[in-house]
Structure formats: structure tokens, C-alpha cells
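Student: Got a structure for you, questions after.
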Amino acid sequence: MSAVTHTAPPLTQNAQKNRKFPVVVLALLVPMAVINFIAFVLPVLSLGQISFMESRSGGVLTQNYTFENYLDFFTDSFNFGLVINSLWISFAITLATLICAYPIALFLHRVSPVWRNVLFVITVSPLLVSSVVRTYGWMVLLGDQGIINGSLISLGLISEPFRLINNTLGVFIGLVEILIPYMALSLIAGFGKLDQAYEEAAASLGANAFTRFRRIIFPLTLPGVALGCLLCFVLAISSFITPKLLGGGRVFLLATEIFDQAVIQLEWPRAAATSVIVLIIFGIALAIYSRVVRRFD
36 MSAVTHTAPP LTQNAQKNRK FPVVVLALLV PMAVINFIAF VLPVLSLGQI SFMESRSGGV
96 LTQNYTFENY LDFFTDSFNF GLVINSLWIS FAITLATLIC AYPIALFLHR VSPVWRNVLF
156 VITVSPLLVS SVVRTYGWMV LLGDQGIING SLISLGLISE PFRLINNTLG VFIGLVEILI
216 PYMALSLIAG FGKLDQAYEE AAASLGANAF TRFRRIIFPL TLPGVALGCL LCFVLAISSF
276 ITPKLLGGGR VFLLATEIFD QAVIQLEWPR AAATSVIVLI IFGIALAIYS RVVRRFD
């Protein structure tokens, strides 16, 4: 009895493409992975290593490793207040930015295509100007002798200037204005599920404008809201220039404290430990965002 030989069928064209596809994907991903490893992973690992080192006077690092930098951070009441202050200011800025940017993004989503591109460019045009320049602009506007206080005093509405700068209010106003374009871009990107036909159907069933917004518009745009809140929260809690200038050294946040520890006090391990804690906060925010988006989907 002759042996029966089985030959594998020749690969089809689709199978050959599927075999080549991972190679192409790897070829495209490897350069970006290498760049991210060199520019992000290695610096973060080095930062984590420095956070466990001891330092001498003058910022000299030793080869002795310790947990003292983290213990000092969590046992110091000032640092605890620093984290709480940074979190609630960032949350408030994110909420105010959402309230200000949501109507803009919704209008851009509904406006005719003829005007959409023009208005979109106007919305994102502040991003073309450095945040340092915009912060100095707010210093001119909000200062004791600035345009706002000067106009109110000249009109006789107030006798003394309002304290609009060198405090938390000035930082809040400046960061909200700076972050509005970021929030608007995130919202517009997340408005893909919003279809006007749903609103028309709800209106035909007797739903008023508020009900349509509460039951149709806002739930469908929640992915964009979550993305915008994540982005603005991260940018707000990591912002340094605006709190430093508009706060006048009187508003203590995590970013400003890291600068003082590293540059003024030359306490590099303490600054690195604080930076690692900020990265952990970013990771928690990203995990919450992922969970929220998964629930929305």
C-alpha cells in the first residue's frame, strides 16, 4: 500500500499579506519605540534613581541610597498641603476650562463648513503664542496698575485696586485662558458620536432644549469631555511658568516646589522624589480616564 503524502496548500495572497503585515508594523513602531525609550524611559529611570540618593551641601550626590527623601515628603505637613492645594486648584481649573470651552466646541461642531475652518483657526490661534507671553499679558491686565483695575478706578467703581495677581485667583484666571484651546480641541475630537438626528428625534417627542442637552448631547460627548479633562488636569498640575509669575511666589504648587528644590535649594534627590510622586498622580489620572472611557463605551 503506497504511503499517502499530504502537501500543504499554497499560501493565498491574503495569507501572504497577513504574514508581511507584522513586519511592516514592527518596522514602523521600532523607531518611535527607540525614541521614546531614549527620551522618556531612560530619563524617568534616572529620575527614580536620583530620588533614592543622598546629597551633601552644594547639591553633591553620593552613592548612598535611602528612602529618607520619600519619608520626608510624606511626613511633612507642608508637602501634604502642597499636594492637596495642587489637586484642588487643578480640578477647579479643569472644571472652569470645561465650562468655558464646551459651548465653543459645540458651536464649532454645528456651524456650517464654510465658517468652521475659520472659527477653528481662531480658537486654536492662542496656541501659536508662547504661554510665557500670554502670562505676561495677564500680568499687565490683572496688575494693581493694570488695565482692569485702572479702568474700574477711573470710572469710580472702586477706590482701591482688587488683588487679581500674586494670589490663587490670578493663577486660576491665567491657566483657564491658556488651557481653553486644549480643552476645545479635545472636545471637538470627541464629538464624533453626536448626530443632530438624535436631537431632532427627541424634539419630535416633546423634549425641550435642556432635556435634549441632558439626555442626548452631553452623554454622547462624554468621551471628549473625559479626554479634555485628563489633558487639562495634567497640564494644570504640571504648569510652572504661569503659577510662578501670576502667583508671585505666594502660590505653592508641586511644579513650583520642584523648581525651588532643584534650582534654589540644590536638593536634587528631594526634587526627584517629588517629581516621581507627580508622575504617580499622572498615572492615577490616566487609570481613572481609561476606566471612565471604558464605561462610556
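Residue numbers 36 to 332, in this note's numbering, belong to the letters of the sequence shown in order.
Just so you know, even glycine gets a beta-carbon here, dropped at the ideal spot from N, CA and C.
Given the structure is predicted, the values throughout are model-derived calculations rather than measurements.
#1: Return the bridge partner residues of Tyr100 from the DSSP annotation.
#2: For the alpha helix (DSSP H) that Leu204 lies in, which residues bound it at each end?
#3: Less than 8 Å between the beta carbons of Gly209 and Leu281, yes or no?
#4: Please list the terminal residues of the continuous alpha helix (DSSP H) segment that includes Arg249.
#5: Does the distance from the CB of Ala308 to the CB of Tyr105 come in under 8 Å?
#6: Express the C-alpha separation of Val58 and Ser37 in angstroms, rounding to a whole number.
#7: When you compare each of Glu235, Arg330, Leu229 and Ala236 to His144 by their alpha carbons, which one comes out closest?
#8: Looking at the C-beta of Ile315, does it have a partner C-beta in chain B at a distance below 8 Å?
#9: Considering only their Cβ atoms, is the gap separating Leu289 from Ile315 smaller than 8 Å?
#10: Under 8 Å, do Leu82 and Met88 count as touching if we go by C-beta distance?
#11: Quick check on Phe226: buried or exposed, where buried means 16 or more other Cβ atoms within 10 Å of its Cβ?
#12: For the structure I just gave you, are there three or more beta carbon pairs, one from the stretch 293-307 and one from the stretch 66-79, closer than 8 Å?
#13: Note the first and the last residue of the continuous alpha helix (DSSP H) segment covering Leu117.
#14: Tell me whether Leu46 is buried or exposed, calling it buried when 16 or more other Cβ atoms sit within 10 Å of its Cβ.
#15: Report the residue ranges of all alpha helix (DSSP H) runs contained in full by the stretch 143-178; include only those spanning at least 4 residues, in chain order.
#16: State the Cα-Cα distance for the pair Ile200 and Cys267, rounded to the nearest angstrom.
#17: Between the alpha carbons of Asn243 and Ala236, how many angstroms are there, rounded?
#18: Could you give the first and the last residue of the continuous alpha helix (DSSP H) run that contains Thr277?
#19: With H, G and I counted as helix, E and B as strand and the rest as coil, what does DSSP make of Ala242?
#20: Below 8 Å, how does it come out for the stretch 247-258 and the stretch 158-177: are there three or more Cβ pairs, yes or no?
#21: Does the structure place the stretch 210-224 close enough to the stretch 151-159 that three or more beta carbon pairs sit under 8 Å?
#22: Measuring CB to CB, does Val211 end up less than 8 Å from Val286?
Tutor: The relevant details are as follows:
#1: Met88
#2: Thr203 to Ala224
#3: yes
#4: Unbroken run through Arg249: none, as it is neither H nor E.
#5: yes
#6: Confidence at Ser37 is low in this model, with a pLDDT of 48, below 50, so its placement is unreliable and the value that follows should be read with caution. Ser37 and Val58: Cα-Cα distance of roughly 42 Å.
#7: Leu229
#8: The question asks about chain B, but that chain is absent: this structure has only one protein chain.
#9: no
#10: no
#11: buried
#12: no
#13: Ser112 to Arg145
#14: Bear in mind that the predicted position of Leu46 carries a pLDDT of just 49, short of 50, making it too unreliable to give a figure here.
#15: 148-159 and 166-177
#16: 22 Å
#17: 11 Å
#18: Ile276 to Gly282
#19: coil
#20: no
#21: yes
#22: no
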